[in-house]
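Accompanying notes for the structure given below.
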Amino acid sequence: HAGSPVRVDRGSRESIDLARPCLTVCVSPQPSVLEDIGQRKDFVGRGLLARFLVAVPQSRLGYRSHRPQPIPRDVSERWNGTVQRMLAIEQRTNEFGKPEPQTLYLSPEAYRLWKSEQLATERDMRPGNTWANQTAWASKYPGAVLRIAGVLHVALCVDQSSNPAAEDVPGDTMKAAIQLGRKIK
């Protein structure tokens, strides 16, 4: 999920050590499925659900035109090009040939904006506040915003043919990440 080391110990099989696990999951379940999953104590208690960003759009039933609007060709081509350039970023390796992550840094403004969002979320987890009953998810939210900012930064840099690791994440990118994070929040 976030690249932190994980050890999986199951009594029935050999332990597994993951040095830098990376996983992205995208699913489109029905709202009732989400509700059912949210009631499963084993998913909640083990922190599984706290690791997902969930977006449930408002239903369009009763308002659909049944006249689909295709994605404009230039938008589709730009999106595909951006994704392809992101995937083509060369993986750096260490002296032993092992993959090495590239580190992104925040500009002072981006850090200030993120820190403000982090502290506001922390206050929201206090008893009686908005996230008091969802502290597991809310405590992971600031890290999710950082990852969103990282993805946006890389996408913008490859669109401008620049090296994402050579430039700090700017404040405007962090503002966009926070705006997207708040929609999910």
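Heads up: the sequence shown is residues 1148 to 1332, going by the working numbering. We treat Cβ as the ideally placed atom computed from N, Cα and C, and that holds for glycine.
**Item:** Spatially closest choice to residue 1272 from 1282, 1180, 1264 and 1257, by CA coordinates
**Value:** Of 1282, 1180, 1264 and 1257, the residue nearest in Cα terms is 1282.
*Flag this pair as yes or no: are the beta carbons of residue 1295 and residue 1251 separated by less than 8 angstroms?*
no
Using only alpha-carbon positions, find the residue among 1325, 1155 and 1176 that is nearest to residue 1166. 1155
Nearest CA to the CA of residue 1230: which residue from 1311, 1292, 1305 and 1332? 1305
Contact check, residue 1315 vs residue 1254 under 8 angstroms by CB: the rounded distance? 4 angstroms
Practice prompt. Return yes when the Cβ of residue 1301 is within less than 8 angstroms of the Cβ of residue 1311, no when it is not.
Written response: Cβ atoms of residue 1311 and residue 1301: closer than 8 angstroms.
So, with DSSP's three-state summary, where would you put residue 1090? Past the edges of the chain, shown from 1148 to 1332, lies residue 1090, and the structure says nothing about it.
query = Is the CB-CB distance between residue 1331 and residue 1174 below 8 angstroms?
reply = no
* Asked: Quick one, are the C-beta atoms of residue 1185 and residue 1195 less than 8 angstroms apart?
  -> no
Quiz prompt | C-alpha distance - residue 1206 paired with residue 1224, whole-angstrom precision | solution = 29 angstroms
- Query: Which of helix, strand or coil does DSSP assign to residue 1163?
  - Reply: strand
Practice problem: Assuming residue 1246 and residue 1240 form a contact by the criterion Cβ under 8 angstroms, report the distance between their Cβ atoms to the nearest whole angstrom. | Solution: 6 angstroms
Q) What separation, rounded to the nearest whole angstrom, lies between the Cα atoms of residue 1168 and residue 1215? A) 39 angstroms
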